[in-house]
Amino acid sequence: MPNKTITANLMTELNLNQNPNQNLDQHLDQKETFNIWAASLQVRMEDVLNTHMPTAETIPTRLHEAMRYSTLGGGKRVRALLAYAAGEFCGAKLATIDLPAASVELIHAFSLVHDDMPCMDDDDLRRGKPSTHKKYGDAVALLVGDALQSLAFQFISQDKLLKNATQKLQMLHILALASGSRGMAGGQAIDLDSIGIPLTREELEHMHIHKTGALIRAAALLGAYSAESPAEDKLKAIDHFAKSIGLAFQVVDDILDAEADTQTLGKTAGKDARNNKSTYVTILGLSAAKQLAAELHANAMAALSYYGREADLLRQLANFITQRSF
Ligand code: GRG
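Start counting the sequence shown at 660; every next residue gets the next number (this note's numbering).
Structure below.
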């Protein structure tokens with residue numbers, strides 16, 4: 660079934676259809692429409708990051724080159740897509756979502772750089788290329804993370820399209836909470852403490868709600884707050900949706916770590932089991948982990964049940980997150 664809401668927005672905002680008489684709806688089903696939307700926004704996000712990050716020629720050149728190496732040219736951009744989908748759901752213009760979405764991608768890139776370092780998860784491969792510390796050394800990798808984090812907050816604070824100062828402050832607060840000790844950094848601390856110590860399912864969930872889920876939730880909320888006046892009911896629905904899909908994302912990550920190969924993932928496969936880490940697969944087994952991913956997907960969908968076509972991008976994104984193969 661074609662999706663008129665998505666295609667209408669695609670045509671006007673992404674300029675995909677140069678001929679206003681041509682009706683994309685006749686040719687595309689929802690999944691194809693979503694794929695085009697996602698591919699266009701992945702390119703758009705690359706462009707936003709490329710344009711707003713300091714150039715590699717800006718002094719200190721090695722640090723800026725390494726920041727760009729860590730951020731550009733890879734990644735699924737799931738968090739940015741979530742911000743765009745949530746923003747569109749709440750009536751935000753694409754351009755207004757650009758920098759908030761990019762800020763989340765910067766924090767995410769920061770977390771990957773630090774996560775790969777020998778003192779953390781110690782991985783040589785990220786997004787199909789050498790991890791930042793393998794290419795630039797530990798000291799530069801450390802600084803890359805620090806600088807990407809600061810740049811993320813700068814992206815929002817300097818955003819001239821966000822007119823409402825209270826809303827901007829709210830966005831900075833959401834991002835700070837999600838990335839700090841009560842969010843992602845805290846989740847990582849729990850993860851480090853748990854190496855070799857089997858976690859219960861509840862403990863694992865607590866860790867992942869913070870380590871992975873908090874930033875995914877922040878991405879959706881930042882997208883929503885990019886709208887001038889997001890409706891309360893939509894904010895609640897997005898929050899509920901993002902909590903479920905954030906955890907689903909991690910369950911699928913655990914399944915892929917067990918089932919997929921290194922080349923497909925672009926990062927070392929099978930590491931969790933080798934490192935004696937509790938995962939949804941080690942605790943529940945593959946089949947029950949897949950069942951859990953499906954339940955979380957259903958919970959996310961239920962959060963949108965009140966809404967019609969305007970929530971279709973979020974629905975399709977939930978499908979993408981749970982059906983992905985890398
Ligand atoms: C960044 C605040 C902050 C602290 C650093 C290192 C660290 C503390 C936290 C690590 C968090 C982390 C790496 C969580 C794993 C999340 C995860 C499943 C990452 C993979 O995300 P994808 O698949 O990656 O979206 P791509 O490459 O597609 O962007």
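Heads up, the beta-carbon is just placed ideally off N, CA and C, and yes, glycines get one too.
Computed from a predicted model, the values in this text were never measured in an experiment.
The alpha helix (DSSP H) with S769 in it runs from where to where?
Taking the sequence shown and counting its residues from 1, one reaches residue 769 at position 110. The sequence as given places Phe at residue 769; Ser does not occur at that position. First-last of the alpha helix (DSSP H) with F769: L753 to D775.
Distance, Cα to Cα, L675 vs K690?
Within the sequence shown, numbered from 1, the residue matching residue 675 stands at position 16. Within the sequence shown, numbered from 1, the residue matching residue 690 stands at position 31. For L675, the predicted structure reports a pLDDT of 49, less than 50, and the residue's modelled location is therefore unreliable. The matter cannot be settled from this model.
Give, in chain order, every unbroken run of the alpha helix (DSSP H) that is at least 4 residues long and sits entirely within the segment 832-913.
Listed in chain order, they are 843-852, 860-867 and 873-884.
In this structure, what does DSSP give as the bridge partners for K788?
Position 129 of the sequence shown, counting from 1, holds the residue named residue 788. The partner list for K788 (beta bridge, DSSP) reads R785.
Between which two residues does the alpha helix (DSSP H) carrying K936 extend?
In the sequence shown, counting from the first residue as 1, residue 936 sits at position 277. Element bounds for K936: n/a, residue is neither H nor E.
Compute the minimum distance between the beta carbon of D774 and the heavy atoms of ligand 1, and state whether it is under 6 Å.
Translated into the one-based positions of the sequence shown, residue 774 becomes position 115. D774 Cβ: within cutoff of ligand 1.
With burial defined as no fewer than 16 other Cβ atoms inside 10 Å of the residue's Cβ, what is the status of F985: buried or exposed?
Start at 1 with the first residue of the sequence shown, and residue 985 comes out as number 326. So F985 counts as exposed.
What is the rounded straight-line gap between the Cα of Q826 and the Cα of M779?
The residue given as residue 826 occupies position 167 in the sequence shown. The residue given as residue 779 occupies position 120 in the sequence shown. Between Q826 and M779, the C-alpha separation is close to 35 Å.
In three-state terms, what does DSSP make of A953?
Here residue 953 is taken as the residue at index 294 of the sequence shown, counted from 1. Helix.
Can we count G734 as close to ligand 1, meaning its CB is less than 6 Å from some heavy atom?
In the sequence shown, the residue the question calls residue 734 occupies position 75. Yes, Cβ of G734 sits closer than 6 Å to a heavy atom of ligand 1.
Roughly how many whole angstroms lie between the Cα atoms of V910 and A948?
Numbered from its first residue, the sequence shown carries residue 910 at position 251. Numbered from its first residue, the sequence shown carries residue 948 at position 289. Each residue's alpha carbon lies about 7 Å from the other.
Figure out for me which residue from A932, Y939, G929 and D916 has the closest Cα to the Cα of R983.
As a first step, residue 983 is located in the sequence shown; it is residue number 324 there, counting from the start. Taking only the C-alpha atoms, the option nearest R983 is D916.
How about L973 and A744: do their beta carbons lie closer than 7 Å?
Here residue 973 refers to the residue found at position 314 of the sequence shown. Here residue 744 refers to the residue found at position 85 of the sequence shown. Contact flag set, yes.
Would you please verify whether the beta carbon of M726 is less than 7 Å from any beta carbon of chain D?
Chain labels in this structure do not include chain D; a single protein chain is all it has.
Tell me which same chain residues have a C-beta within less than 7 Å of the C-beta of V940, skipping the five on either side of it?
As a position in the sequence shown, residue 940 is number 281, starting the count at 1. Closer than 7 Å at Cβ, skipping near neighbours: D913, I914, A917 and A948.
Hey, out of S838, I854 and A952, whose CA is closest to N934's CA?
Your numbering for residue 934 matches position 275 in the sequence shown. Closest option to N934, Cα to Cα, is I854.
Using C-beta distances below 6 Å, list every residue in its chain close to H792, excluding the 5 sequence neighbours before and after it, in chain order.
Within the sequence shown, numbered from 1, the residue matching residue 792 stands at position 133. Here the set comprises M776 and A800.
Hey, how far is the Cα of S964 from the Cα of H956?
Working through the sequence shown from its first residue, we reach residue 964 at position 305. Working through the sequence shown from its first residue, we reach residue 956 at position 297. Whole-angstrom Cα-Cα distance: 13 Å.
Out of A835, S840, I868 and I942, which has the shortest C-alpha to C-alpha gap to L881?
Walking along the sequence shown from the start, residue 881 turns up at place 222. Answer by Cα proximity: A835.
Measuring only the C-alpha atoms, how far is P759 from T859?
The count along the sequence shown starts at 1 and reaches residue 759 at position 100. The count along the sequence shown starts at 1 and reaches residue 859 at position 200. When rounded, the distance between both Cα atoms is 35 Å.
By the DSSP assignment, the alpha helix (DSSP H) with R727 in it spans what residues?
Numbered from its first residue, the sequence shown carries residue 727 at position 68. From DSSP, the alpha helix (DSSP H) with R727 extends over T720 to T730.
Within 10 Å of its beta-carbon, does L924 have 16 or more other beta-carbons around it, so buried, or fewer, so exposed?
In the sequence shown, counting from the first residue as 1, residue 924 sits at position 265. By the neighbour-count rule (16 or more Cβ atoms within 10 Å), L924 is buried.
With respect to 6 Å, is the separation between the Cβ of A932 and the closest non-hydrogen atom of ligand 2 below this value?
In the structure shown, ligand 2 is absent; the only ligands present are ligand 1.
How many Å lie between I766 and E891 at the Cα?
By 1-based counting over the sequence shown, the position of residue 766 is 107. By 1-based counting over the sequence shown, the position of residue 891 is 232. Those two C-alpha atoms are separated by around 26 Å.
For a test of your reading of the model: does the CB of K930 fall under 6 Å from any non-hydrogen atom of ligand 1? Yes or no.
Taking the first residue of the sequence shown as 1, we reach residue 930 at position 271. Checking every heavy atom of ligand 1 against the Cβ of K930, none is found closer than 6 Å.
Is any non-hydrogen atom of ligand 1 found closer than 6 Å to the C-beta of F769, if you look at the structure I gave you?
The count along the sequence shown starts at 1 and reaches residue 769 at position 110. Correct: F769 has its Cβ closer than 6 Å to ligand 1.
Looking at M843 and ligand 1, is the gap between the Cβ and the nearest heavy atom below 6 Å?
Position 184 of the sequence shown, counted from the start, is the residue given in the question as residue 843. Checking every heavy atom of ligand 1 against the Cβ of M843, one is found closer than 6 Å.
Along the chain, where does the alpha helix (DSSP H) that runs through F814 open and close?
Within the sequence shown, residue 814 is the residue found at index 155, counting from 1. That run of the alpha helix (DSSP H) goes D797 to S816.
Is any non-hydrogen atom of ligand 1 found closer than 6 Å to the C-beta of T871, if you look at the structure I gave you?
Translated into positions along the sequence shown, residue 871 becomes position 212. Yes, the beta carbon of T871 sits closer than 6 Å to at least one heavy atom of ligand 1.
Hey, could you find the ends of the alpha helix (DSSP H) E705 is sitting in?
Position 46 of the sequence shown, counted from the first residue, corresponds to residue 705. Taken as a continuous stretch (DSSP letters only), the alpha helix (DSSP H) holding E705 covers Q689 to H711.
Any contact between the segment 831-848 and the segment 857-874? By contact I mean 3 or more CB pairs, one from each, below 8 Å.
The answer is yes - the segment 857-874 touches the segment 831-848, with three or more Cβ pairs under 8 Å.
So is H999 buried or exposed if we call it buried at 16+ other beta carbons inside 10 Å?
As displayed, the chain neither begins before 660 nor continues past 985, which places residue 999 out of reach and without an answer.
For D818, I'd like the list of residues in its chain whose CB is within less than 6 Å of its CB, leaving aside the five on either flank, ordered along the chain.
Within the sequence shown, numbered from 1, the residue matching residue 818 stands at position 159. The residues are L758.
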